[in-house]
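A short write-up of the structure that comes next.
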Amino acid sequence: MSSFNLLIEGFATALTLTNLMYGLLGTFLGTLVGVLPGIGPALAIALLLPVTASIDPTAAIIMFASIYYGAMYGGSTTSILLNTPGESGSVITALEGNKMARSGRAGAALATAAIGSFVAGTIATLLLAFGAPALANLALTIKPAGYLALMILAFATVGTLLGSSMIRGLISLAVGLTLGLVGADLQSGAIRLTFGNPNAIDGIETVTVIVAIFALGEAVYFASRFKNENWSVLQIKDRAWMSKADWKRSWRPWLRGTAIGFPLGVIPAGGSEVPTFLSYGVEKKLSKRKEEFGKGAIEGVAGPEAANNANAAGALVPLLALGLPTSATAAVVLVAFQSFQIQPGPMLFETNPQIVWGLIASLFIGNTLLLVMNLPFIRVWILLLKIPRPYLYGGIVTLALLGAYALNSSTFDLQVALAIAVLGYLFRRFGVPLTPLIIGLIMGPLAEVQFKRSLQISNGDYGILVEGFLPKALYTLMFLLILLPVIYKAINKRKQKELAN
Amino acid sequence: MLVPDGTSVISPRSFSYVIGSFLVITSVLLISEILRGNSGVPEGTEAGDPFQKADFKTMAQVVAAICANVILLDLLGFIVAATVSFWGVAYAFGARKYLKDLMIAIIFSVIVYFGFTQGLNINLPAGIFADLTGK
């Protein structure tokens, strides 16, 4: 059957009354949690994971798709209306959008963000619908060693692209990989790194780590640094809609943002930081009103916001087709899949077509629902920003602890959460990025499976790891990616020295 | 590490050694980077640029509230533990209308408790309210 027919069938799955209700609930909850300051999309999904525990897999996956897009939408509202930037993907939106809101154009900023997200989301989901199955087909021919190389490349890019220094990204990755080792080895049953604690044999629960590091770590860090500073919510003075001139200035940035965001989501570029910055740079360069940038140029909201959403959809391509998450949020979606014993990857399209296509169809539906739900009711969502900060953090911490506990009803998980919260504080305090840790924790065990498969095929000969074109090409690419910036820096330093002399 | 005999050609040790070496190497590199003076910049959050000086008192209060939740959950049940952690964190973040704060904490905990146990069939320790909640 062609992708098109399968997609139509996916719509049939997603549009049954129950599934539609779950989709609606997902967009609602996703936006709700996403709007709350201090909760990014990754944390939103992790917090809502227990909510889906008792519903059937197809409905749950559809709900997660809606939560995924909903949390993205919610985040942009927050960053436009709060006085300072939020999570990495919204930093740029905040930069220009906030300036617009200050000069009384909050409505236009919110509108271009929402409609831009819709346009980018729809185009990118369409690309996803046809790109992911093609990639999955291709991926069926990839050998374990090739998979391992792909994962190591993803580790390398996620580890080195984020954060203030390359080494800090890599240490975060190393800690994540080590946490992933804890517990019984899947193939041999060997017990690793439990230090005699029987509770640790099942391994460290990923959801526990995610909620602890994002919610508890953030709360602790926040308490140590920001107590007396108050955030002010900017008022929407105009209508949440755009003038003709705004439309004219927005549609090209939307399309360009989509073109930048989608491919950078497919390759492991470590989330939406890079594409949103790139899109902003492009818009600034192409604009005839350069002087407006930094003072509230609508292009500077439209482009990056579209890039952010297209990036989110792009990240689903490797996630569905290869089982590789390229951002923290995608990694959490992978955990959500795994909690239903569904392993994304090339086989998924064969074994669970109704789930994959139901998911893709519900992305379209969720995207449309969001546009309908967001703009007209924006003033209702904004009320959430007015929750007093003490209650907001009281609620976030308590719900995070509940999320850490509820999955296994285990006090041990809570103790792990406490330890990870301290780690999350230290990471934030010393500028260590969090995403590599999450990626390492979730992907480490998957990488080990491929590592062992390769070596079993070759009977223990390590040569197999670099055998064939794909591994060789990927490792070469990786070394270039790591070494080029270092060489570039060294040359620059030399030049400066020469100039100084 | 306990390794069962003859399970596979590939020892579960090999991958662990790779990760272990990676951790050690990156640690050494990080230490050398710190010694060279790059000790890391505190991250900003949705509230903006961080203060220069850490407020360890508030931080300790939040950590204490989290610890209280962990300890109380098994002893007294979810509703008490959640009330204490909600109220404790709110206090740390500057809430000082004690009675109102406590009421909100209790209402929040009760709603979450019944929402999860009745609505979503997720087990939470009933603790001292075991008789009332019928568990």
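In order, the protein sequences belong to chains Z and G.
The numbering of the first sequence is my numbering, which starts it at 232 and goes up by one.
The numbering of the second sequence is my numbering, which starts it at -3 and goes up by one.
All C-beta atoms in this analysis are idealised placements derived from N, C-alpha and C, irrespective of residue type, glycine included.
Residues in the same chain with beta-carbon distance under 8 Å from residue i, minus the five sequence neighbours each way, listed in chain order, please.
i                 : result
Thr324 of chain Z : Ser307, Ser310, Ile311, Ala344, Thr507, Val532, Pro535, Glu536, Asn539
Val505 of chain Z : Leu392, Leu495
Phe453 of chain Z : Gly269, Tyr624
Ala405 of chain Z : Gly671
Gly335 of chain Z : Lys468, Asp469
Leu708 of chain Z : Leu384
Leu658 of chain Z : First, the residue type needs correcting, since residue 658 of chain Z is Phe and not Leu in the sequence shown. Counting only Cβ-Cβ distances below 8 Å, and skipping sequence neighbours, we find Ser403, Ile444, Gly448, Pro664, Leu665, Leu668.
Gln574 of chain Z : Gly554, Phe568
Leu251 of chain Z : Ala245, Ile596
For residue i, which residues from the same chain have a beta carbon less than 6 Å from its beta carbon, with the 5 sequence-adjacent residues on both sides left out?
i                 : result
Ile624 of chain Z : The amino acid at residue 624 of chain Z is misidentified as Ile; the sequence shows Tyr. Excluding residues within five positions, the ones whose Cβ falls inside 6 Å are Ala450.
Thr557 of chain Z : Pro499, Ala546, Pro549
Gly377 of chain Z : Leu701, Pro702
Thr3 of chain G   : Its pLDDT being 49, under 50, Thr3 of chain G is placed unreliably in this model, and the coordinates cannot settle the point.
Gly492 of chain Z : Pro506, Ala538, Ala541, Asn542
Val413 of chain Z : Leu424, Ala431, Gly434, Ile435
Pro787 of chain Z : The structure shown has nothing for residue 787 of chain Z, since chain Z only spans 232 to 732.
Phe11 of chain G  : none
Gly390 of chain Z : Gly400, Leu401, Leu404, Pro667
Leu72 of chain G  : Gly123, Ile124
Ala631 of chain Z : Val442, Ala446, Leu447
Could you name the residues of chain G that residue i contacts, counting a contact when the two beta carbons are closer than 7 Å?
i                 : result
Tyr511 of chain Z : Within 7 Å Cβ-Cβ: nothing; Tyr511 of chain Z doesn't reach chain G, min ~18 Å.
Glu679 of chain Z : Phe11
Ile398 of chain Z : Thr22, Leu25, Leu26, Glu29
Asp469 of chain Z : Those within 7 Å of Asp469 of chain Z in chain G number zero; the least Cβ separation is about 24 Å.
Asp416 of chain Z : Pro8
On the DSSP bridge list, what partners appear for residue i?
i                 : result
Val464 of chain Z : Z:Leu313
Arg423 of chain Z : Z:Gly414
Please list the partners that residue i has in chain Z, where partner means a Cβ-to-Cβ separation under 7 Å.
i                 : result
Ile100 of chain G : Tyr622
Ala50 of chain G  : Ser455, Arg456
Which chain G residues are close to residue i, counting only those with a beta carbon under 8 Å from its beta carbon?
i                 : result
Phe259 of chain Z : Within chain G, no residue comes near Phe259 of chain Z; the closest Cβ sits about 15 Å away, beyond 8 Å.
Phe508 of chain Z : The premise fails here: Phe508 of chain Z is roughly 16 Å from chain G at the closest Cβ pair, so nothing lies under 8 Å.
Leu408 of chain Z : Ile15, Phe18, Leu19
Thr642 of chain Z : Val66, Leu69, Asp70
Leu447 of chain Z : Ile62
Ala405 of chain Z : Ile15, Phe18, Leu19, Thr22, Ser23
Ala431 of chain Z : What Ala431 of chain Z touches in chain G: nothing, since even the nearest Cβ is about 13 Å away.
Just the chain G side, please: which residues come within less than 9 Å of residue i by C-beta, in chain order?
i                 : result
Ile710 of chain Z : Looking at the sequence provided, one finds Phe at residue 710 of chain Z rather than Ile. Correct list: empty, because the minimum Cβ distance to chain G is about 16 Å.
Val451 of chain Z : Met55, Val58, Val59, Ile62
Phe568 of chain Z : The contacting residues do not exist; Phe568 of chain Z stays about 19 Å from chain G at best.
Gly554 of chain Z : The contacting residues do not exist; Gly554 of chain Z stays about 18 Å from chain G at best.
At a CB-CB cut-off below 8 Å, which residues of chain Z make contact with residue i?
i                 : result
Val108 of chain G : Thr629, Leu630, Leu633
Val76 of chain G  : Within chain Z, no residue comes near Val76 of chain G; the closest Cβ sits about 12 Å away, beyond 8 Å.
Phe116 of chain G : The sequence shown places Leu at residue 116 of chain G, rather than the Phe named in the question. Simply Pro281, Val282, Ala284, Ser285.
Ala86 of chain G  : Pro621, Tyr622, Tyr624, Gly625
Phe125 of chain G : In chain order: nothing, as chain Z lies at least about 16 Å away.
Might you give, ordered along the chain, the residues of its own chain that have their beta carbon closer than 7 Å to the beta carbon of residue i, omitting 5 neighbours on each side?
i                 : result
Ala43 of chain G  : Caution is warranted here: a pLDDT of 49 is assigned to Ala43 of chain G, below 50, making its placement in the model unreliable, and the coordinate value is therefore given only provisionally. Counting only Cβ-Cβ distances below 7 Å, and skipping sequence neighbours, we find nothing.
Ser640 of chain Z : none
Ala291 of chain Z : Thr283, Phe571
Thr388 of chain Z : Pro499, Ala500, Gly501, Leu712
Lys131 of chain G : Summary for Lys131 of chain G: the model assigns pLDDT 46, below 50, so the residue's position carries little reliability; its value from the coordinates is reported in the next sentence. Cβ within range, chain order: Ala122.
Does any residue of chain A have a CB that is nearer than 8 Å to the CB of residue i?
i                : result
Ile15 of chain G : Absent from the structure is chain A; the protein chains it does hold are Z and G.
Flag residue i as yes when its Cβ comes closer than 7 Å to any non-hydrogen atom of the ligand ZN, and as no otherwise.
i                 : result
Pro268 of chain Z : This structure lacks the ligand ZN, and indeed carries no ligand of any kind.
| field | Members of the segment 21 to 40 of chain G that neighbour chain Z once the beta carbon cut-off is set at 8 Å | value | Thr22, Ser23, Leu25, Leu26, Glu29, Asn34, Ser35, Gly36, Val37, Pro38, Glu39, Gly40
| message | Check whether the segment 512 to 531 of chain Z and the segment 330 to 346 of chain Z are in contact - that is, three or more C-beta pairs closer than 8 Å. | response | yes
| Listed in chain order, which residues of the segment 293 to 313 of chain Z have Cβ atoms closer than 9 Å to some Cβ of chain G? | Thr309, Ser310, Leu313
| task | Flag this pair as touching only if the segment 255 to 264 of chain Z and the segment 644 to 659 of chain Z have three or more C-beta atom pairs under 8 Å; answer yes or no. | result | no
| field | the segment 70 to 83 of chain G contacting the segment 100 to 111 of chain G, beta-carbon criterion three pairs below 8 Å | value | yes
| said: Does the structure place the segment 596 to 615 of chain Z close enough to the segment 291 to 303 of chain Z that three or more beta carbon pairs sit under 8 Å? | reply: yes
| request: Could you tell me whether the segment 111 to 120 of chain G touches the segment 629 to 637 of chain Z, using the rule of 3 or more Cβ pairs below 8 Å? | output: yes
| request: Pair every Cβ in the segment 369 to 376 of chain Z with every Cβ in the segment 508 to 518 of chain Z, then say whether three or more of these pairs are closer than 8 Å. | output: no
| said: Taking 8 Å as the cut-off, does the segment 558 to 567 of chain Z touch the segment 270 to 277 of chain Z (at least 3 CB pairs, one atom from each stretch)? | reply: yes
| field | Three CB pairs or more closer than 8 Å across the segment 31 to 40 of chain G and the segment 716 to 723 of chain Z | value | no
| Between the segment 235 to 255 of chain Z and the segment 577 to 596 of chain Z, do three or more beta carbon pairs fall short of 8 Å? | yes
| task | Could you say if the segment 674 to 690 of chain Z and the segment 53 to 62 of chain G meet the contact criterion of at least three C-beta pairs nearer than 8 Å? | result | no
| Interfacial residues, the segment 62 to 73 of chain G to chain Z, with Cβ spacing under 8 Å | Ile62, Cys63, Asn65, Val66, Leu69, Asp70
| task | Scan the segment 639 to 663 of chain Z for residues whose Cβ lies nearer than 9 Å to a Cβ of chain G and list them as they occur along the chain. | result | Ser640, Thr642, Leu645, Gln646, Ala648, Leu649, Ala652, Val653, Tyr656, Phe658, Arg659, Arg660, Phe661, Gly662, Val663
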